[in-house]
Structure formats: C-alpha cells, structure tokens
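Accompanying notes for the structure given below.
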Amino acid sequence: MYSILAGNPFQPTPADANPPDRGTIRPISDKPGAAHLTPESDGPSDALLVIEIGNSHVALAQLTGRAVRSVQRCLPDELDELRAAIEPAWETLPDDADRQVAVGSVVPAVLERVVTIVHEELHRQPIVIGRDTRLPLSMAIERVETIGVDRVCAAAAAFERFEEACAVASFGTATTIDCVNGEGVFMGGAILPGLNMQASALHEGTAQLPLVRPHAGVTTYGATTEEAINNGIVLGAIGALREIVERYATQLSHWPKLVITGGMSPLLADACEFVDAVEPHLVLEGIALAARRFRSSPGGP
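With our numbering applied, the sequence shown covers -13 to 287.
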C-alpha cells in the first residue's frame, strides 16, 4: 500500500503494514462523536472580525481569543447582507481591544468584492490569509498555491488545540480529509464530493432517482429508494472517513486525533463512533490564528 498523502517525503508504507489498534480511537464525551472543543478567550486585548468565503456561503464572526461569537452567513451572490451586517459586528467588538479584520477565501472573485466592502464600510485594509500572510502551517507539498486556504486553516486550528497529529475532516460543499503530523506539518489529504453534491448528482444524472436530502436516519437495509440513497451517501462518507484516517494512522504509526467540521458535520457526528471532536467553526478559528501570527511577526502590520 502506498501513502495517499500529497507530497509525502517518507517511503511508501510496506504492503504488510497494519494500522495501530483501533481501540486507541475513542470519543472524548459520553455521547460518541459529539464532543466540542472548548472555546477560550484571551480577554479584550485582542479581537478580530473574521470573514470566511466558501463555495456555498460567506460567514462573518467575531473572535475574542478562541471564542467564536455572532456567526452570520449569507450566499456569495447576496453580499448586500454582509455589507449591512459588517459595521454593527465591528462596532460591538470590545472598545478596548486591538481590532482587525481577517479574511480567508477559496473564491477569488468573491474575495475582491468582500475586500471592497471592508474598505467602504470600515475604512480598513483586511488581512487576507494566503495573500498578505503565510499559511499557518508548514507544508509537505510541492504546489502550496493549489491548496485551499480553508483546509490549511482548519488543520492549523486543530493542531493548535491538540498539539499532536490530527486528521481534520470538513463536510461542506466538498468533503476534505486532511492530515497534520506530530511536528505540525500539513501533509495533504483527500477530496471527495460533498454529501449534497452526491445527492444532486444521483438525481440529475439518472431518469428516476429522487433528490434526497442526506440525514442521520440511516438503516441497515434501505427499504425504499430514498432510504437506499441516504444510506449510500451517509454510510459511504463514514466508510471513506474511516478508511482514509486508517491510512494516516498506518503512515504515522499511531491514530491521529480526528476532528470534523463543516455544515454537515453534526450529521456525521451522530453516526460516527470514532470522532474525537466536532467543531463547526474550525476554519474561522484557523483564519484568526493565521492573522494573529501575522500581526505578531516582524513583518506584520
């Protein structure tokens, strides 16, 4: 078996290599898969307005320390909602805080529109992660510019919390499952169609299959077409997650902490017994982390 980690500098995993005992994976709450990372606050000395630009939504949030507050979302083509919300969100940050705006984006065209809104409404130059700053992790891949800022920021936030090897799975428009090793190096990962994208493809690519909204109510046997589609999508995602993380564990020689995030993560958390933590705002935290490191660096503002 060869490692699937992009740009992995290590030798291929021997064909007879086995992953560590799966018993070392265990949830960290009484309800499997439902633990949340505990927000922390560094006090009013540091406050950020963070904007995450994804393929399906734009999120605006206030971050003081690690505490994520007042998350608001709009569609990428409805930025008037962001314009209306950004000044009130800025004004409600602590008055005695060192305030700044940080942006992370995987949609270049929307990024430029958002930067313009920040200029016009707040009269400030936002910190754009990956353009104004370095990415917040060392990278073991050749073409860093091809890696989504959201993936790296989520991985950085997870490693900052656990301070050990992590697998970070984001269930959004696309599903990404990435790995950070114990030295804090982003090793790469895997990209799959998101759950809703799979459902749409089945409906649009066939004559009779209905459009199903993926949900947690999986069964052993799909008694109806709708149940069978939902089973395939949800259980397929769980199976892919288990297989990919097992490959990371084999390469690392131990099981990494598994954190899941993204809009569909609550659905997967309810059905996965091997998830360590669920954090719906991990990308926002990672954007804030990258911005703070930039501000504290010698070349920062």
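Glycine included, C-beta positions come from ideal geometry on N, C-alpha and C.
Contact defined as beta carbons within less than 8 Å: I believe residue i pairs with residue j. What is the distance between those atoms, to the nearest angstrom?
i: C152; j: K243; result: 5 Å
i: A209; j: V198; result: The Cβ separation is near 14 Å, so there is no contact.
i: L181; j: P200; result: 4 Å
i: I96; j: P62; result: Residue 96 is actually Val in this sequence, not Ile. About 5 Å; that satisfies the 8 Å criterion.
i: M125; j: F172; result: 5 Å
i: A276; j: T119; result: 6 Å
Would you kindly check if the distance between the Cβ of residue j and the Cβ of residue i is under 8 Å?
i: V245; j: E259; result: no
i: A290; j: V130; result: Nothing about residue 290 can be read from this structure; the chain reaches only from -13 to 287.
i: L108; j: A33; result: no
i: I103; j: L49; result: no
i: S91; j: I39; result: yes
i: P112; j: C139; result: no
i: T211; j: V154; result: no
i: G272; j: A143; result: yes
i: L178; j: A141; result: no
i: V101; j: V114; result: yes
i: G168; j: E190; result: no
i: R99; j: L65; result: yes
DSSP beta-bridge partners for residue i?
i: C165; result: A153, G174
i: C60; result: V44
i: M183; result: Paired residues: none, contrary to the question.
i: Q86; result: L34
i: L68; result: Partner(s): none; L68 has no beta bridge.
i: L49; result: L34, V54
In chain order, what residues of the same chain lie with their CB nearer than 6 Å to the CB of residue i, ignoring the 5 residues before and after it?
i: S42; result: T159
i: L23; result: Confidence at L23 is low in this model, with a pLDDT of 43, below 50, so the placement of that residue should be treated as unreliable; the coordinate-derived value is given next. For L23, where only same-chain residues beyond five positions count, the Cβ hits under 6 Å are R147, A263, E265.
i: R137; result: T162, D164
i: F145; result: C152, V166, G170
i: R59; result: H43, A45
i: R55; result: Q48
i: R117; result: none
If you drop the 5 nearest sequence neighbours on each side, which residues of the same chain put their C-beta closer than 7 Å to that of residue i?
i: A288; result: Given a span of -13 to 287 for the chain in the structure shown, any question on residue 288 remains unanswerable.
i: E213; result: T205
i: A71; result: L46, Q58
i: S251; result: F157, V264, P266
Under 8 Å Cβ to Cβ from residue i, same chain only, skipping five residues before and after it: list those, please.
i: R85; result: A33, L34, L35, W76, L79
i: I215; result: A185, L188, L195, P196, V198, G208
i: R278; result: D32, L34
i: V57; result: A45, L46, A47, H267, L270
i: L253; result: F157, L181, P200, H201, A202, V220
Any heavy atom of the ligand HEM closer than 7 Å to the beta-carbon of residue i?
i: T161; result: With respect to the ligand HEM, the structure offers nothing, as it holds no ligand at all.
Identify the continuous alpha helix (DSSP H) that holds residue i and give its terminal residues.
i: T236; result: 211 to 238
i: A276; result: 268 to 282
i: I133; result: Premise fails: I133 is in no alpha helix (DSSP H) and is neither H nor E.
i: I103; result: 94 to 108
i: L254; result: 251 to 257
How far does the beta strand (DSSP E) with residue i in it extend, from its first residue to its last?
i: T119; result: Where T119 is concerned, there is no enclosing beta strand (DSSP E), given that its DSSP letter is neither H nor E.
i: I246; result: 243 to 247
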